[in-house]
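Quick note: the sequence shown uses this note's numbering, first residue 370, plus one each step. From the three backbone atoms N, C-alpha and C, an ideal C-beta is built for every residue, glycine too. To start, the structure itself, in structure tokens.
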Amino acid sequence: MYLGKVIGSVVSTKKDESMIGRKLLMVRPMLADADNPGQLKPGANTIVAIDTLGAGEGELVMFAQGSSARQADGLKALPVDAAIVGLVDSVNILGHKTYEAKNS
370 MYLGKVIGSV VSTKKDESMI GRKLLMVRPM LADADNPGQL KPGANTIVAI DTLGAGEGEL
430 VMFAQGSSAR QADGLKALPV DAAIVGLVDS VNILGHKTYE AKNS
């Protein structure tokens, strides 16, 4: 699993039938910042992930990629490579709280 920040959404009116009604979100992976120990920084890439939990823009999420993404409930037969599988409440790195959800 990886941490990522939801930065937007994707709308696709023409897609595989199995994907109809599925919410797609743009996720920017977050990495530990070597220059600022105990902090997170955005990665360089952006991925499209299927949302299984109702995540929203700006939220920090856990996501799975590859065949692991299809292990989430109801995704086994879908053509997905990334799935949001957790909404993050807080992150502590090296004893420092680096993230806390607004609703925690």
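| According to DSSP, which residues form a beta bridge with R397? | Residue mapping note: residue 397 aligns to position 28 of the sequence shown, counting from 1. Answer is K374.
| message | Determine whether the beta carbon atoms of V454 and V375 lie at a separation below 8 Å. | response | Counting from 1 along the sequence shown, the entry for residue 454 is found at position 85. Counting from 1 along the sequence shown, the entry for residue 375 is found at position 6. Result no, Cβ atoms of V454 and V375 do not sit closer than 8 Å.
| message | Between which residues of its own chain and A424 is the CB-CB distance below 7 Å, once the five residues before and five after are set aside? | response | Counted from its first residue, the sequence shown places residue 424 at position 55. Excluding positions up to five away in sequence, the list reads V375, L394, V430, I453 and L456.
| said: Using a Cβ distance threshold of 8 Å, determine whether the region 437 to 453 contacts the region 377 to 392, with at least three qualifying pairs required. | reply: yes
| task | Return the Cβ separation of V417 and A441 in integer angstroms, given the expectation that the two are a contact with Cβ distance under 8 Å. | result | Counting from 1 along the sequence shown, the entry for residue 417 is found at position 48. Counting from 1 along the sequence shown, the entry for residue 441 is found at position 72. Wrong, their Cβ atoms sit about 15 Å apart, outside the cutoff.
| task | If I'm right that V396 touches G373 with Cβ under 8 Å, what's the distance once you round it to whole angstroms? | result | Numbered from its first residue, the sequence shown carries residue 396 at position 27. Numbered from its first residue, the sequence shown carries residue 373 at position 4. That belief holds up - the Cβ atoms of V396 and G373 are roughly 4 Å apart, short of 8 Å.
| message | In the DSSP assignment, the beta strand (DSSP E) including T382 goes from what residue to what residue? | response | As a working mapping, residue 382 is identified with position 13 in the sequence shown. Premise fails: T382 is in no beta strand (DSSP E) and is neither H nor E.
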